[in-house]
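Colleague: Protein chains in written order, with this note's numbering: chain A, 1 to 437; chain B, 438 to 785. Note that the Cβ used here is the ideal one computed from N, Cα and C, for glycine as well. Model, not experiment: these values are computed from the prediction. Okay, here's the structure, questions in a sec.
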Amino acid sequence: MHTIAGEGIHPRDEKSKTTSISIAVMRPPDKVVIPLSQHIGAPCEPLVKIGESVKKYQKIGEAKGLVSSPVHSSISGKVIAVGRFPHPSGNQSNSIVIESDGKDEPIEGLKGFSDYLKADPKELRDAILSAGIVGMGGATFPTHVKLNPPKEKRITTIILNGAECEPNLSADDRTMVEMSKETVEGMKILMHIMGVKDGYIGIEDDKPAAIDAMNKAVSGTGIRVSKLKKKYPQGAEKTLIKSVIGKEVPSGGLPMDIGVVVQNVGTAAAVYNAVCFGIPLVERVVTVAGKGISRPGNFKIRVGTMLEHVITECGGFVGETGKILFGGPMMGLAQYSLNVPVVKGTSGILVMTKDEIRLENFRACIRCGRCVQACPIRLLPNMYSVLAEVGQPKEAEKYYILDCIECGCCTYVCPSRRPIVHQIRYIKADMRKAKKS
Amino acid sequence: MAEDVAEKEDKKGKLEEPSPKLLLTSSPHALGADSIESIMWSVVLSLIPAALAGVYFFGFQALQVLIVSTGSAMVAEALYQRFSGKGSTVGDGSAAVTGLLLGLTLPPGLPWWASVIGSFFAILIVKQLYGGLGFNPFNPALMARVFLLIAFPVHMTRWPLPAPLFSGIDASTGATPLGELQMARLLGKGLGKASELNLWDAFWGNIGGSVGEVSAIALLIGAAYLLYKQYISWHIPVSMIGTVVVFSGIFWMINPAKYAHPLFHVLTGGLIIGAFFMATDMVTCPVTLKGQLLFGFGCGLITIIIRMWGGYPEGVSFAILLMNIVTPLIDKYLRPVRYGALKAEVRS
Numbered sequence: 001m002h003t004i005a006g007e008g009i010h011p012r013d014e015k016s017k018t019t020s021i022s023i024a025v026m027r028p029p030d031k032v033v034i035p036l037s038q039h040i041g042a043p044c045e046p047l048v049k050i051g052e053s054v055k056k057y058q059k060i061g062e063a064k065g066l067v068s069s070p071v072h073s074s075i076s077g078k079v080i081a082v083g084r085f086p087h088p089s090g091n092q093s094n095s096i097v098i099e100s101d102g103k104d105e106p107i108e109g110l111k112g113f114s115d116y117l118k119a120d121p122k123e124l125r126d127a128i129l130s131a132g133i134v135g136m137g138g139a140t141f142p143t144h145v146k147l148n149p150p151k152e153k154r155i156t157t158i159i160l161n162g163a164e165c166e167p168n169l170s171a172d173d174r175t176m177v178e179m180s181k182e183t184v185e186g187m188k189i190l191m192h193i194m195g196v197k198d199g200y201i202g203i204e205d206d207k208p209a210a211i212d213a214m215n216k217a218v219s220g221t222g223i224r225v226s227k228l229k230k231k232y233p234q235g236a237e238k239t240l241i242k243s244v245i246g247k248e249v250p251s252g253g254l255p256m257d258i259g260v261v262v263q264n265v266g267t268a269a270a271v272y273n274a275v276c277f278g279i280p281l282v283e284r285v286v287t288v289a290g291k292g293i294s295r296p297g298n299f300k301i302r303v304g305t306m307l308e309h310v311i312t313e314c315g316g317f318v319g320e321t322g323k324i325l326f327g328g329p330m331m332g333l334a335q336y337s338l339n340v341p342v343v344k345g346t347s348g349i350l351v352m353t354k355d356e357i358r359l360e361n362f363r364a365c366i367r368c369g370r371c372v373q374a375c376p377i378r379l380l381p382n383m384y385s386v387l388a389e390v391g392q393p394k395e396a397e398k399y400y401i402l403d404c405i406e407c408g409c410c411t412y413v414c415p416s417r418r419p420i421v422h423q424i425r426y427i428k429a430d431m432r433k434a435k436k437s
Numbered sequence: 438m439a440e441d442v443a444e445k446e447d448k449k450g451k452l453e454e455p456s457p458k459l460l461l462t463s464s465p466h467a468l469g470a471d472s473i474e475s476i477m478w479s480v481v482l483s484l485i486p487a488a489l490a491g492v493y494f495f496g497f498q499a500l501q502v503l504i505v506s507t508g509s510a511m512v513a514e515a516l517y518q519r520f521s522g523k524g525s526t527v528g529d530g531s532a533a534v535t536g537l538l539l540g541l542t543l544p545p546g547l548p549w550w551a552s553v554i555g556s557f558f559a560i561l562i563v564k565q566l567y568g569g570l571g572f573n574p575f576n577p578a579l580m581a582r583v584f585l586l587i588a589f590p591v592h593m594t595r596w597p598l599p600a601p602l603f604s605g606i607d608a609s610t611g612a613t614p615l616g617e618l619q620m621a622r623l624l625g626k627g628l629g630k631a632s633e634l635n636l637w638d639a640f641w642g643n644i645g646g647s648v649g650e651v652s653a654i655a656l657l658i659g660a661a662y663l664l665y666k667q668y669i670s671w672h673i674p675v676s677m678i679g680t681v682v683v684f685s686g687i688f689w690m691i692n693p694a695k696y697a698h699p700l701f702h703v704l705t706g707g708l709i710i711g712a713f714f715m716a717t718d719m720v721t722c723p724v725t726l727k728g729q730l731l732f733g734f735g736c737g738l739i740t741i742i743i744r745m746w747g748g749y750p751e752g753v754s755f756a757i758l759l760m761n762i763v764t765p766l767i768d769k770y771l772r773p774v775r776y777g778a779l780k781a782e783v784r785s
């Protein structure tokens, strides 16, 4: 069984609280706030005005530029506002607010490919583009762009990411168990588009049900399920590739440089729905978890649903709420308000109680080397931390700080509680600013 | 305009109730369980078997050395923190580790004032004046030991022979096995009395030497605990002891009448306590595992050179301190090959 050798960590895990809970469809909210930027790349342009009526699945924002992705309405109703609203990234984003008419009426004329494995790859890619599909693992890179690499990069392998190494999350796990057919058909479509024969699905061994389901679903397709030993951050693109096919992406490069494309399992299922039925990405599976929520579980939630609605639907808070994260505890983003929407990249919502949060002052580096041993990219996080502290962040470039994937292993293991990843982000931002000026 | 709409929307929405006061920090939001305290106090715990063995073999005079050295190290730490206006760090356990380690490397029966001077030197000069925990380039306990060895050579080389508690034996002094070996070497008499050493006695600790270095088994029990807790890794001890075994083994095979058996070198002197508890001091050893292998090799090599040809019978303290000097260089040049790096550009 493969894993990232010698590096990475085993964070305390609470997946068992939600892994066996089937995906429930969450009641659609009365109002959605749909950001025009739910992907990496240029935000899209609004196609609707205040007062206009829209149907479910209707395109309301058009992709602008090469790396961009359109957005669609997730309910039927009336546009009541277009403007800047809070976004789970912590910034504000141009968004379209739609008030539900309660009918949940879909737009007519959605159509898909019946014989999709014989269709022209370019047409399939266009279908994926117009369905607004982006990477659903959290990085939200537009999928059609990933499927259209420069000609000189020959893609030979597609890896489906079902590692889901973040503690507490089980959305991908349940997707693989309950939507194994959609996921594998989506994978076949991706392979057909890229003209690729080697397909792998990487799943960590703490998801036996998902491994079983996927093994059944891939039989006879030539796609292989890679059972991976559980370790964080195995679900990061670079570490997943290393675990599954043993190759390393060159420093500063992309997976396509070694002929690999990685897609999240949820993305594959979304690709299937887009290609076969023309259904755009307007809802996704989200794990709602944590000590601070009354009824945790896995839910299909409409994009644009407010965090407040999600909390209410899950029975409200338990205990004194400390932090709410979009994503898992290792890489998730803390939210400052309940007034933020679920977006295409929201894989989990974690509600932490106050007593789970430890706020301690950080102390001097005692050079224990744990961060060095935990770093999956084999960098020297201790150096970045000390250089940030003594005010010489520029030095960090010599220690390849730009290769850091910000997984947080170093900070997790630090006995001096040094906020190493935070310092790394600070240095990187500083470097970017210096380059601009 | 858009902002206005947003505001109206807020008032119209269901958010009149104040939302919980949410905490904003950057990821990761989960942290590991280990802290400086848990590491340092575990090291103290791991040294208890060796301390008990020392007290058993050398009696209450050993207990006095340990209590005075540990206590005065903690007092020195508290005093410094108090007069420098910094918060107290006595509770983090690092001063206790330094004091206890120092005590374990001192001869049983060392006058109490010498232990106090050693501990104060270790904490005040070697550790705090460099900036405190994390900033000291040298292992404080070892520096203090070497300081005492230079300042009070007579007291520091007066070795009581073991007189186990309740055995009725009266304490007397004599040479340590390594002392015997050096004497024989200087006189050109081969192994001399050192050849009579029973390795089992050395394993249990029934030989002359420092309070905590005599019982190999007690030290190994503590070391096993630290390895199990992953507070130390095997790299330094294995490469340090391995180097000593390989070099002493080569000479022993060439001339067993002149050179001691490799096990003699492993079980006597401070090799085991040095390899597992001193050289592995995280503050003063390299951070990378590759670096630690090299560091251990250097420690082993210098140890055996001093023991075979040097002016002191024992070389572990000097070896580790000398390698402490090299630690920053090892850290600078022996970096891990990062993910996705082409081998050729590693050193660029």
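Given a cut-off of 7 Å on the beta-carbon distance, is the pair residue 725/B and residue 773/B in contact?
Modeller: In contact: residue 725/B and residue 773/B (Cβ atoms closer than 7 Å).
Colleague: Report the residues of the region 491 to 523 of chain B with a CB closer than 7 Å to any CB of chain A, ordered along the chain.
Modeller: Correct list: empty, as no residue qualifies.
Colleague: Nearest CA to the CA of residue 551/B: which residue from 522/B, 534/B, 591/B, 575/B?
Modeller: Looking at the Cα atoms, 591/B is the closest of the given residues.
Colleague: Taking the alpha-carbon positions, what's the residue 16/A to residue 349/A distance?
Modeller: Roughly 16 Å between the two C-alpha positions.
Colleague: Using CA coordinates, which residue listed in 77/A, 132/A, 185/A, 118/A is at the minimum distance from residue 62/A?
Modeller: It is 132/A whose Cα lies nearest to the Cα of residue 62/A.
Colleague: Would you tell me roughly how many angstroms separate the C-alpha atoms of residue 432/A and residue 259/A, rounded to the nearest one?
Modeller: Their Cα atoms are separated by approximately 29 Å.
Colleague: Determine the direct distance from the alpha carbon of residue 564/B to that of residue 740/B, and round the result to whole angstroms.
Modeller: Roughly 24 Å between the two C-alpha positions.
Colleague: Please list the partners that residue 167/A has in chain B, where partner means a Cβ-to-Cβ separation under 7 Å.
Modeller: Result: 467.
Colleague: Whole beta strand (DSSP E) runs in the region 233 to 298 of chain A with 3 or more residues, listed along the chain?
Modeller: For the region 233 to 298 of chain A, whole beta strand (DSSP E) runs of length 3 or above, ordered along the chain, are 260 to 264, 283 to 289.
Colleague: How would you list, in chain order, the residues of chain B whose beta-carbon sits under 9 Å from the beta-carbon of residue 91/A?
Modeller: Correct list: empty, because the minimum Cβ distance to chain B is about 13 Å.
Colleague: On the criterion of 16 or more Cβ atoms from any shown chain inside 10 Å, does residue 295/A qualify as buried, or is it exposed?
Modeller: So residue 295/A ends up on the exposed side.
Colleague: Which residues bound the alpha helix (DSSP H) around residue 638/B?
Modeller: Unbroken alpha helix (DSSP H) run through residue 638/B: 636 to 641.
Colleague: Check the DSSP bridge columns for residue 597/B and list the partner residues they point to.
Modeller: In the DSSP output, where bridge partners are listed per residue, residue 597/B has 610/B.
Colleague: Decide if residue 691/B is buried, meaning its Cβ has at least 16 other Cβ atoms within 10 Å, or exposed.
Modeller: So residue 691/B counts as exposed.
Colleague: Does the Cβ of residue 10/A have 16 or more other Cβ atoms within 10 Å, making it buried, or fewer, making it exposed?
Modeller: The residue is exposed, with fewer than 16 neighbouring Cβ atoms inside 10 Å.
Colleague: Nearest chain A C-beta to residue 525/B closer than 7 Å, yes or no?
Modeller: No, no contact with chain A.
Colleague: Output needed in chain order: residues of the region 561 to 572 of chain B with a Cβ under 7 Å from some Cβ in chain A.
Modeller: Those residues of the region 561 to 572 of chain B that come within reach of chain A (Cβ to Cβ, closer than 7 Å) are 569, 570, 571, 572.
Colleague: Just reading off the beta strand (DSSP E) that residue 352/A is part of, what are its end residues?
Modeller: From DSSP, the beta strand (DSSP E) with residue 352/A extends over 348 to 353.
Colleague: Considering only their Cβ atoms, is the gap separating residue 144/A from residue 124/A smaller than 7 Å?
Modeller: No, the Cβ-Cβ distance between residue 124/A and residue 144/A is not below 7 Å.
Colleague: Of all the options 368/A, 391/A, 390/A, which has the alpha carbon lying nearest to the alpha carbon of residue 380/A?
Modeller: Ranking 368/A, 391/A, 390/A by Cα distance to residue 380/A puts 368/A first.
Colleague: At 8 Å on the CB atoms, spell out the chain B contacts of residue 330/A, in chain order.
Modeller: Simply 464, 465, 466, 467.
Colleague: Considering only residues of the same chain and omitting the five flanking positions on each side of residue 270/A, which have a CB-CB separation below 6 Å?
Modeller: Here the set comprises 133, 281.
Colleague: What is the residue span of the beta strand (DSSP E) that residue 86/A lies within?
Modeller: Looking at the DSSP string, the run of the beta strand (DSSP E) that includes residue 86/A is 77 to 86.
Colleague: Measuring alpha carbon to alpha carbon, tell me which residue in 651/B, 687/B, 711/B is nearest residue 493/B.
Modeller: Per the Cα distances, 651/B.
Colleague: Does residue 434/A pass the burial test, meaning 16 or more other C-beta atoms within 10 Å, or should it be called exposed?
Modeller: Exposed: under 16 other Cβ atoms inside 10 Å.
Colleague: Assuming the contact rule is C-beta atoms closer than 8 Å, residue 545/B and residue 490/B should be a hit. Round their C-beta distance to whole Å, please.
Modeller: No, residue 545/B and residue 490/B are not in contact; Cβ-Cβ is about 12 Å, not under 8 Å.
Colleague: Is residue 100/A helix, strand or coil by DSSP?
Modeller: If DSSP states are grouped into helix, strand and coil, residue 100/A belongs with the strands.
Colleague: Hey, does residue 719/B have any beta-carbon neighbour from chain A nearer than 7 Å?
Modeller: True, the Cβ-Cβ gap to chain A drops below 7 Å.
Colleague: Within 10 angstroms of the Cβ of residue 501/B, are there 16 or more other Cβ atoms? Answer buried if so, exposed if not.
Modeller: The residue is buried, with at least 16 neighbouring Cβ atoms inside 10 Å.
Colleague: Since residue 176/A and residue 265/A should fall inside the 8 Å C-beta cutoff, what is the C-beta to C-beta distance between them, to a whole number of angstroms?
Modeller: Confirmed, about 6 Å.
Colleague: From residue 479/B to residue 717/B, what does the alpha carbon distance come to, in whole angstroms?
Modeller: If you take the alpha carbons of residue 479/B and residue 717/B, they lie about 14 Å apart.
Colleague: Does the Cβ of residue 288/A have 16 or more other Cβ atoms within 10 Å, making it buried, or fewer, making it exposed?
Modeller: Counting Cβ neighbours within 10 Å, residue 288/A comes out buried, since at least 16 surround it.
Colleague: Give me whichever residues DSSP pairs with residue 198/A in a beta bridge.
Modeller: Answer is 157/A.
Colleague: Between which two residues does the alpha helix (DSSP H) containing residue 19/A stretch?
Modeller: Looking at the DSSP string, residue 19/A is not in any alpha helix (DSSP H), and its letter there is neither H nor E.
Colleague: Unbroken alpha helix (DSSP H) runs of length 4 or more, entirely within the region 690 to 717 of chain B: which are they?
Modeller: Runs of the alpha helix (DSSP H) inside the region 690 to 717 of chain B: 699 to 704.
Colleague: I need the straight-line Cα distance from residue 232/A to residue 8/A, nearest angstrom please.
Modeller: Roughly 6 Å separates the two Cα atoms.
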